[in-house]
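Numbering (my numbering), first residue to last: 436 to 650. Following: one structure in structure tokens, then a few remarks.
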């Protein structure tokens, strides 16, 4: 059977196909009497995430600067709308160089503005306690590169935005992905087991992930 005959046969079969009825879904159970912050901390640590706090907003800049001091970094970049003020100022005061995105210069595809950033700081829209994940919604002033390129990624997360699971979050905010250019769920630092089946961190992204909890 040649290609055209095969595709025509597939098309005719598709026109006659009937989709099965959608399965009946059960309502989600309530989160229950569980400490979501403690569950988030425990599960996040299991996937090599370092969790700081919870702490008040005014303590966040000092905490982030402390994280930077614990790593061999020289440059940093942040989202424009972090949930705690003063982070950039604290890092610059400690001598770290800030890298900013001033547009897309010639050759930016091969050398993006944040290619030389060691330390990336982002906010987090939500946290998922059962997997220890943070949900990032990207858009203007919220570059996706800051959670992908730097060796160290720091995510700031309000504790009241922690949900039990992905299903609980999606049920409460079903339209959340519609308003973002890109949505990413980050669970621990980048990891791969492709090389001789040994787990390696940081091969395809950040080697270190820190989450700073804000109360």
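Where is the CB? At the ideal position from N, CA and C, for every residue including glycine. Bear in mind the structure is a predicted one, so any value in this text is a computation, not a measurement.
Go to residue 592, then tell me how far its beta strand (DSSP E) extends in each direction, as first and last residue. Taken as a continuous stretch (DSSP letters only), the beta strand (DSSP E) holding residue 592 covers 587-593.
With distances taken between CB atoms, is the gap from residue 647 to residue 487 smaller than 7 Å? Yes, the Cβ-Cβ distance between residue 647 and residue 487 is below 7 Å.
Are there 16 or more other CB atoms within 10 angstroms of the CB of residue 603, so buried, or fewer, so exposed? Label assigned to residue 603: buried.
For residue 477, which three-state DSSP category applies? For residue 477, the secondary structure class from DSSP, reduced to helix, strand or coil, is helix.
Taking DSSP as the reference, what is the three-state secondary structure of residue 524? In the structure shown, residue 524 sits in a helix (DSSP, three-state: H, G or I).
Other residues of its chain near residue 489: CB distance less than 7 Å, five sequence neighbours each side excluded: Closer than 7 Å at Cβ, skipping near neighbours: 472, 594, 648, 649, 650.
If you drop the 5 nearest sequence neighbours on each side, which residues of the same chain put their C-beta closer than 8 Å to that of residue 544? Only weak support exists for where residue 544 lies, its pLDDT of 48 falling under 50; the value from the coordinates is given anyway. In its own chain, leaving out the 5 sequence neighbours on each side, no residue places its CB closer than 8 Å to the CB of residue 544.
In whole angstroms, what separates the C-alpha of residue 612 from that of residue 561? Take the alpha-carbon of residue 612 and the one of residue 561: they are about 12 Å apart.
Taking three-plus beta-carbon pairs below 8 Å as touching, is the region 571-590 in contact with the region 502-520? Contact holds: three or more Cβ-Cβ distances are below 8 Å.
By DSSP, does residue 584 sit in helix, in strand, or in coil? Three-state result, residue 584: coil.
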